[in-house]
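Residue numbers (the UniProt record's numbering): 1 to 267. Note sheet for the following structure.
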């Protein structure tokens, strides 16, 4: 579907920083995002009825484990008419006098190829946060899901995105840790990719939200008994896969080089 606007999809797992990132983008004078919609976190997934939202597949910490959540251009939903239908569902929630229109939903992480097929000139801003921090922060409100399973979900979700990323033409991939440590640099890269004039505001970022989770992980790792063994088991099972995605389970401050963080504005 062609449109006079530039559509930008913000993607990243729950608790990865998608909400503050989308709000920062929407604070730019040329950008409109969703606010005051009444939907959870003003997410576009809850403002449409074309594709199932994350809760259909188990919600936070679970959805990416269901193969049906992974939508591509091969989906029977990927039609021109459905592109128009989706745009019409979201359009009332945007200020269409702005040139750039932002939609944010965690399932976008495993739907990039699908959304790109519907809106071929769209861009993606993907934010990735350390799996330990995402798992610990999700664990607080998904107590029925084990920490091990939350890390597994993180790995599968990002492996899915990594496999799709080479076919996504316009994307910026950010580490949450870089966003809060050097926001001007991180958001400057986003602004250049989206061809925005002027800066994206950075005043809404909180810089130390991961510290408590890092301390909790260190405490668990040093603990004896079952708790320490559970940490060791997670490290043994997932270290290699996590490192291929740019992080370390033994050194939470490490940032590993990986093609996943190669961004592209024009393919």
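No residue lacks a Cβ here, since even glycine has one placed at the ideal position from N, Cα and C. Predicted model only: the values in this text are computed from it and were never measured.
Below 8 Å CB to CB, which residues in the same chain sit around residue i once its five sequence neighbours on both sides are set aside?
| i | result |
| --- | --- |
| residue 266 | Because residue 266 carries a pLDDT of 45, less than 50, the predicted location of this residue cannot be relied on, and no value is offered for it. |
| residue 27 | 200, 201, 204 |
| residue 21 | 10, 12, 104, 125, 127, 174, 179 |
| residue 254 | 247, 248 |
| residue 129 | 12, 13, 15, 16, 17, 175, 176, 177, 210 |
To the nearest angstrom, report how far apart residue i and residue j are at their CA atoms.
| i | j | result |
| --- | --- | --- |
| residue 59 | residue 106 | 10 Å |
| residue 201 | residue 76 | 39 Å |
| residue 219 | residue 165 | 35 Å |
| residue 197 | residue 190 | 11 Å |
| residue 17 | residue 134 | 10 Å |
| residue 234 | residue 72 | 30 Å |
| residue 224 | residue 209 | 27 Å |
| residue 138 | residue 213 | 11 Å |
| residue 154 | residue 61 | 7 Å |
| residue 232 | residue 239 | 10 Å |
| residue 116 | residue 81 | 15 Å |
| residue 3 | residue 186 | 28 Å |
| residue 50 | residue 158 | 24 Å |
| residue 5 | residue 230 | 49 Å |
| residue 32 | residue 19 | 14 Å |
| residue 52 | residue 84 | 17 Å |
| residue 86 | residue 221 | 46 Å |
| residue 78 | residue 147 | 35 Å |
| residue 192 | residue 226 | 49 Å |
| residue 44 | residue 54 | 11 Å |
| residue 67 | residue 167 | 19 Å |
| residue 237 | residue 136 | 17 Å |
| residue 262 | residue 88 | 32 Å |
| residue 30 | residue 108 | 22 Å |
Counting only the same chain and skipping the five closest in sequence on each side, list residues whose C-beta sits under 6 Å from that of residue i.
| i | result |
| --- | --- |
| residue 183 | 202, 205 |
| residue 7 | 101, 119, 122 |
| residue 34 | 42, 93 |
| residue 111 | 71 |
If contacts are defined as beta-carbon pairs under 8 Å, then residue i and residue j qualify, I think. What distance do you get, rounded to the angstrom?
| i | j | result |
| --- | --- | --- |
| residue 162 | residue 245 | 7 Å |
| residue 48 | residue 94 | Wrong, their Cβ atoms sit about 13 Å apart, outside the cutoff. |
| residue 256 | residue 243 | 6 Å |
| residue 217 | residue 132 | 5 Å |
| residue 14 | residue 160 | So it is not a contact: roughly 15 Å between Cβ atoms. |
| residue 156 | residue 24 | The Cβ separation is near 28 Å, so there is no contact. |
Residues in the same chain with beta-carbon distance under 7 Å from residue i, minus the five sequence neighbours each way, listed in chain order, please.
| i | result |
| --- | --- |
| residue 260 | 162, 165, 173, 245, 246 |
| residue 37 | 47, 93 |
> Do the segment 91 to 104 and the segment 138 to 149 make contact, defined as three or more Cβ pairs closer than 8 Å?
Replying inline: no
>> What ranges does the beta strand (DSSP E) occupy inside the segment 108 to 159, keeping only unbroken runs of at least 3 residues that lie completely in it?
In response: 123 to 128
> At which residue ranges does the segment 6 to 36 contain complete beta strand (DSSP E) runs of 3 or more residues, listed in the order of the chain?
Replying inline: 6 to 11
> What are the complete beta strand (DSSP E) segments, minimum 3 residues, inside the segment 46 to 111?
Replying inline: Listed in chain order, they are 100 to 104.
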